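Below: the structure, in structure tokens.
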Amino acid sequence: DVPTGMKNPTSGNLKVMLNALHAAQNSQNFIYNGAEVETDGNSLAHVILRGGSNEHGDYEPNYYYDVLLKLIQQYENMNLINPFIVVDTNHDN
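Heads up, the sequence shown is in our numbering, so the first residue is 71 and it goes up one at a time.
Next comes the structure, spelled out in structure tokens:
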């Protein structure tokens, strides 16, 4: 497995990012070059917080302690593994 980060969209929606993480960590079936392929999932997939916009369209960071606690709780609720969080300080953070 290769460490792979999933960023939240610029809307700041963490659920979209967590759904992508769930898909990456679990096995998938798809057709590739005419053959059915099954992956094992990537146990090293993790999240990257990049900030986002609020309901007023203003950009705000999402690295605050309360956001991190909420994110950890969502990791647990979705039975995700490897609760590793990277904070991208190059965008809206």
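C-beta atoms are modelled at their ideal positions from N, C-alpha and C, and glycine is treated no differently.
Here the structure is a predicted model, which means the values were calculated and not measured.
- In the three-state reduction of the DSSP assignment, E125 falls in the coil class.
- Taking one beta carbon from each stretch, the region 84-94 and the region 108-119 have 3 or more pairs nearer than 8 Å; the two touch.
- Distance from the CA atom of Y145 to the CA atom of V72, rounded to whole angstroms, is 20 Å.
- Segment contact: the region 103-115 against the region 146-161, three or more CB-CB distances shorter than 8 Å; contact assigned.
- Rounded to the nearest angstrom, the Cβ distance from S97 to T80 is 30 Å, too far for a contact under 8 Å.
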